[in-house]
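**Student:** Under my numbering, the first residue of the sequence shown carries the number 73, and numbering increases by one thereafter.
Note that beta-carbon positions come from the ideal geometry of N, C-alpha and C, so glycine has one too.
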Amino acid sequence: MLEPYNDEYFMRKALEEAEKAFERGEIPVGVVVVINNQIIARGHNLTETLNDVTAHAEMQAITAAASFLGGKYLKGCSMYVSLEPCQMCAGALYWSQISKLIFAAEDQQRGYRKNGVKLHPKTEVKSGILAQEASNLLKRFFIQKRNLN
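1) What number of angstroms, rounded off, separates the C-alpha of residue 181 from the C-alpha of residue 81?
2) So what's residue 215 in DSSP terms, helix, strand or just coil?
3) Is residue 127 closer than 7 angstroms to residue 154 when the C-beta atoms are compared?
4) By Cβ distance, which residues of its chain are closer than 6 angstroms to residue 207, with the 5 residues on each side in sequence left out?
5) Pick out whichever of 216, 118, 162 and 90 has its Cα sitting closest to the Cα of residue 195.
6) Taking the alpha carbon of residue 173 as the reference point, which residue from 166, 152, 183 and 119 has its own alpha carbon closest?
7) Between the C-alpha atoms of residue 218 and residue 136, what's the straight-line distance to the nearest angstrom?
8) Kindly provide the ranges of any beta strand (DSSP E) runs that are 3 or more residues long and lie completely inside the region 100–169, ordered along the chain.
9) Report the residue from 149, 114 and 102 whose alpha carbon sits nearest the alpha carbon of residue 203.
10) Based on DSSP bridge pairs, tell me the residues matched to residue 196.
11) In whole angstroms, give me the CA-to-CA distance for residue 191 and residue 215.
12) Is the CB-CB distance between residue 85 and residue 105 below 7 angstroms?
And the structure:
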């Protein structure tokens with residue numbers, strides 16, 4: 073049994089969101105935003121569902137967290153996401169001034185670091201938490217997608 077309120081606990085919650093995306097036929101990326109050990113926002117990819125290229129999990133969660141907090145800045149918040157954010161999402165995270173980003177799997181092709189995008193200087197970054205589980209979910213999704221086409 074996991075102890076609540078640690079990085080692995082919250083990343084498992086993000087992976088639950090990624091599973092919801094998988095079930096909808098979306099690329100399985102999920103996210104939770106946490107402040108004071110409380111989840112204040114959840115999200116998963118909805119680009120196919122909403123026919124919107126900006127409907128990434130992170131964008132959904134940033135909007136929900138800002139709404140919850142009543143302001144555009146996410147200072148004091150931590151975002152747990154199952155895949156390294158792309159440059160669009162990293163840009164939004166920069167402007168939100170989020171305090172901490174924790175992601176599971178690296179995105180070797182489209183990740184923000186590969187594209188030279190920087191987060192806010194005060195944003196702490198941590199990676200690799202449950203990376204194998206997140207990678208396996210993505211691999212399973214793309215294998216299934218290839219087999220259906």
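**Tutor:** For this structure:
1) 27 angstroms
2) helix
3) no
4) 177
5) 162
6) 152
7) 33 angstroms
8) 102–107, 110–116 and 150–155
9) 102
10) 172
11) 32 angstroms
12) no
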